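Residue numbers (this note's numbering): 307 to 476. Heads up, the beta-carbon is just placed ideally off N, CA and C, and yes, glycines get one too. On a predicted model such as this, the values are computed, not experimentally measured, just so you know. Notes follow once the structure below has been shown.
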Ligand code: HEC
């Protein structure tokens, strides 16, 4: 019984200490202060599991269609993605995106790591606690988002020249 009371007292003291640390202004929310490696690892693992668990929309049949891929490149280049993730020639990539933590993912890598429904889910809904916005919330249609997914899936094999041609202003 005494032992249980002791554990209970410890738990209460721990909760008070955590509240003082978090609400007393001791914890730093600064973007330029690194998280302990274990926190980054946990956040990345939770992110991956959450995306995999939620991405249930079925991909449309036309993802391999070259016209859809081209349309996706155009939308990708104008909607804001390049600021953070760059594009094949990195032309419009924004210097300020270096100030984001976690750093915006390399989409050539993500093209292989995530399925089309997972990419769709991420772009549509965004990711909490990262700089990744919800483009659904920002007004992009599902059709536009699927076109972007079609483009990202092909990204590892798209040449700089093709990207430039597809995204040049009319
Ligand atoms: C303001 C900067 C910013 C913009 C704009 C942005 N992203 Fe992101 N994106 C991020 C950050 C930060 C992450 C989180 C890094 C990570 O997942 O490792 C991320 C993650 C992702 C991921 C990987 C998510 C995962 O499964 O882990 C994909 C795919 C992605 N973004 C695609 C896009 C696309 C497509 C657009 C444009 C429609 C876009 N992003 C616009 C910052 C941005």
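Limits of the unbroken alpha helix (DSSP H) element including residue i
i	result
residue 416	413-419
residue 448	448-460
residue 346	343-360
residue 428	422-431
residue 324	308-329
residue 383	372-385
residue 470	466-473
Close Cβ partners of residue i (< 7 angstroms) along its chain, the five nearest in sequence each way excluded
i	result
residue 473	379, 380 and 383
residue 405	337
residue 469	379, 393, 394 and 395
residue 328	none
Contacting residues, own chain, Cβ-Cβ under 8 angstroms from residue i (five flanking each side not counted)
i	result
residue 424	357, 358 and 361
residue 412	391
Rounded distance between the beta-carbons of residue j and residue i, thought under 8 angstroms
i	j	result
residue 453	residue 374	5 angstroms
residue 433	residue 353	6 angstroms
residue 349	residue 456	29 angstroms between Cβ atoms; not a contact.
residue 403	residue 410	6 angstroms
residue 389	residue 400	4 angstroms
residue 417	residue 365	At roughly 14 angstroms, the Cβ-Cβ gap does not stay under 8 angstroms, so residue 417 and residue 365 are not in contact.
Among the options, nearest to residue i - alpha-carbon criterion
i	options	result
residue 460	414, 325 and 347	414
residue 393	471, 476, 309 and 313	471
residue 342	408, 317, 367 and 430	408
residue 385	429, 331, 307 and 332	429
residue 346	318, 328, 324 and 435	435
residue 371	319, 328, 458 and 363	458
Neighbourhood of residue i by C-beta, 6 angstroms cutoff - its chain only, sequence neighbours within 5 removed
i	result
residue 339	none
residue 437	406
residue 398	388
residue 462	414 and 417
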